[in-house]
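Written out below as structure tokens is the structure these notes cover.
Here is the structure:
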């Protein structure tokens, strides 16, 4: 399957790395800063991974008064960038080696529902910039993932791309964008009806 593709677009969280331990610190410290004593854990972060940030704030932080929400988002965004630059996240096994091999035969991209700067933090922390041509995220334009996938396809004149992700939102976004989907079963989400799947990252080399 992969041999027929000219390009691979990746989700980030739950597909390329797990930064939940770092992200939960940013959330918890931001919550304390605005005067609340509520602690999330890394599992909470994994459970809402893949959602648009606006939906995350609205659904999982509804205890924050509306008048404080924008300030909370600003505080969190600042802390997220700082903590990621300091601590990063955990690459899934064989990601670097597999990306190096894939980049010799396919054009590689990232589309995520994260805030602006998050993908850059990932690429810089692990020095992975050479493997990726372009990326897009919700934080840049406020677009849903399916439109950002389409944007990457159009902007880079991709002919036959595939999207690799780990959540049902990834699968639905791929379908809306008209792009085939590969389910990363090792990630955070659960999908029952994915036609193509990988049990670990290096399995991409077998397609």
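Numbering (the numbering used here), first residue to last: 943 to 1149.
We put the beta carbon where it would ideally sit given N, CA and C, even for glycine.
Sort out for me which residues DSSP pairs residue i with in a bridge.
| i | result |
| --- | --- |
| residue 1106 | 952, 1124 |
| residue 1053 | 1078 |
| residue 960 | 1032 |
| residue 1138 | 1124 |
Residue range of the alpha helix (DSSP H) that residue i falls in?
| i | result |
| --- | --- |
| residue 1094 | 1087 to 1097 |
| residue 1014 | 1008 to 1029 |
| residue 996 | 995 to 1002 |
| residue 988 | 984 to 989 |
| residue 1058 | First-last for residue 1058: undefined, no H or E at that position. |
| residue 1043 | 1037 to 1044 |
For residue i, count the other beta carbons within 10 Å of its own beta carbon; 16 or more makes it buried, fewer makes it exposed. Which is it?
| i | result |
| --- | --- |
| residue 1000 | exposed |
| residue 1049 | buried |
| residue 1132 | exposed |
| residue 1022 | buried |
| residue 1138 | exposed |
Give a single yes or no on whether residue i has its beta carbon closer than 8 Å to a heavy atom of the ligand FAD.
| i | result |
| --- | --- |
| residue 1111 | Looking for the ligand FAD in the displayed structure turns up nothing, as the structure carries no ligands at all. |
*If you pair each beta-carbon of the region 1032 to 1042 with each one of the region 956 to 965, do three or more pairs fall below 8 Å?*
yes
_Meets three-Cβ-pair contact criterion under 8 Å: the region 1051 to 1061 and the region 1084 to 1097_ = yes
*Please confirm if the region 1011 to 1028 is in contact with the region 944 to 957, defined as three or more CB-CB distances below 8 Å between the two stretches.*
no
*Three or more C-beta pairs below 8 Å linking the region 975 to 982 and the region 1118 to 1130*: no
*Evaluate contact between the region 987 to 997 and the region 1133 to 1149, counting only Cβ atoms and requiring at least three cross-stretch pairs below 8 Å.*
no
*If you pair each beta-carbon of the region 1104 to 1122 with each one of the region 963 to 974, do three or more pairs fall below 8 Å?*
no
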